[in-house]
Amino acid sequence: MKLTKYVLGTIFSCMVLIACGGKDEKKKEGFSYENKKDTSKSTEETNANEIVISGNDLMQFDKTEIRVKAGEKIKLTLRHIGKLDVNVMGHNFVLLKQGVDIAGFAGKAATEKENQYIPKGAKDVIAFTSLIGAGQTTSVEFVVPAAGTYDFLCSFPGHYAMMKGKFIVE
1 MKLTKYVLGT
11 IFSCMVLIAC
21 GGKDEKKKEG
31 FSYENKKDTS
41 KSTEETNANE
51 IVISGNDLMQ
61 FDKTEIRVKA
71 GEKIKLTLRH
81 IGKLDVNVMG
91 HNFVLLKQGV
101 DIAGFAGKAA
111 TEKENQYIPK
121 GAKDVIAFTS
131 LIGAGQTTSV
141 EFVVPAAGTY
151 DFLCSFPGHY
161 AMMKGKFIVE
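For the sequence shown, counting from 1, position 35 maps to 35 in full-length UniProt numbering; every step adds exactly one.
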């Protein structure tokens, strides 16, 4: 019990020090922590047919709701804005068909490491991106399905509980 408290205390202290450090640093002009430069504006403002969603090291998407029009062809871009490797904190975007059980799908996906956590022959999926890590970007183009509400998630093991949202088709 004492060891557990010591370990948790040490981890907490390190997190506080990391979070507080570097505030007085000056960034060089044009410097970015990301591996890939993205000059586009945020999400739907750039083009109604282009959607950008980001995932981070805290297992969060920056959007929990996406609204689109039925029948349109869209390009969905996923950006990993964290610093952790794909093997530790990989993210993808998976759009499921209506009525698919998220937990059931995620359970099947968790065993498919060699297939980027997408079950082989998955009939429950409308579209998905590749699995990416820190600073990487990936995209998928697809035609928006019929009007209704669909679920999306990250299928990396354990992420679906926090990295999910609604894809609303009008």
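Each residue gets a CB set at the ideal place from its N, CA and C atoms; glycine is no exception.
Does the Cβ-Cβ distance between residue i and residue j come in under 8 Å?
i	j	result
Ile132	Ile66	no
residue 185	Ile126	No answer is possible for residue 185: the residues shown for the chain start at 1 and end at 170.
Met59	Met163	yes
Asn56	Ile81	yes
How many Å lie between residue i and residue j at the Cα?
i	j	result
residue 171	Ser54	Any answer about residue 171 is impossible in this case: the structure gives the chain only from 1 up to 170.
Gly158	Ala70	31 Å
Lys120	Lys113	11 Å
Ala105	Glu170	As written in the sequence, residue 105 is Phe, which differs from the Ala given in the question. Near 25 Å, if we compare the C-alpha coordinates of Glu170 and Phe105.
Ile118	Val86	15 Å
Val52	Gly148	21 Å
Lys83	Ala134	5 Å
residue 212	Val143	Residue 212 lies beyond the stretch modelled for the chain, which goes from 1 to 170, so this question has no answer here.
Thr138	Asn115	16 Å
Phe128	Val94	4 Å
Ala103	Tyr160	8 Å
Output the boundary residues of the beta strand (DSSP E) element that contains residue i.
i	result
Gly135	From DSSP, Gly135 is part of no beta strand (DSSP E); its letter is neither H nor E.
Phe128	125 to 128
Phe167	164 to 169
Tyr150	148 to 153
Gly158	Counting along the chain, Gly158 falls outside any beta strand (DSSP E), and DSSP gives it neither H nor E.
Let me confirm a value: residue i is counted as buried when at least 16 other C-beta atoms fall within 10 Å, else exposed. Which label applies?
i	result
Thr77	buried
Lys23	With a pLDDT of 47 at Lys23, under the threshold of 50, the modelled position of this residue cannot be trusted, and the question is left open.
Thr111	exposed
Asp151	buried
TODO: Can you check the segment 61 to 123 for any alpha helix (DSSP H) of at least 4 residues that lies completely inside it and give the ranges in chain order?
DONE: 86 to 89, 102 to 109
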